[in-house]
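To start, the structure itself, in structure tokens.
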Amino acid sequence: MKKELPMRAQRAITVTMPYQRAYAAPLPRHRWQIILPGTGEVLVLTEDEFSETWVLESECPPAVRKLFDGFESYARWRWGK
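Under this note's numbering, residue 100 is the last one in the sequence shown; the count climbs by one each step, no gaps.
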């Protein structure tokens, strides 16, 4: 079964090095959908798995947000906007 891409997602980064950037969207029942932009692979994680491995850009301190420089928005990646 092909997983559907969400209409909206936030940028996220792994909490440990080597850092991996991805797009994250909340799902029902306390789950998260992670989209890896390089491959288009979609992962589904529980809320606990997500919080152990990923952090949303909006929750990062300014120094960490710099790691998102050059990483396009989800809308630009998905629709070219």
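We put the CB at the ideal spot given by N, CA and C, even for glycine.
Rounded to the nearest whole angstrom, the CA to CA distance from Gly89 to Leu62 is 23 Å.
A Cβ-Cβ separation of about 7 Å places Ala41 in contact with Pro56 under the 8 Å criterion. Here DSSP, grouped into helix, strand and coil, assigns Thr72 to helix. Thr58 has no beta-bridge partner at all, per DSSP. When only Cα atoms are considered, Trp51 and Phe69 end up about 7 Å apart. Taking Val74 as the centre and dropping the five residues before and after it, the same chain places the C-beta of Ala31, Ile32, Val34 closer than 7 Å to its C-beta, in chain order.
Around the beta carbon of Ala82, a 10 Å sphere encloses fewer than 16 other beta carbons of the protein chains shown; the residue is thus reported as exposed.
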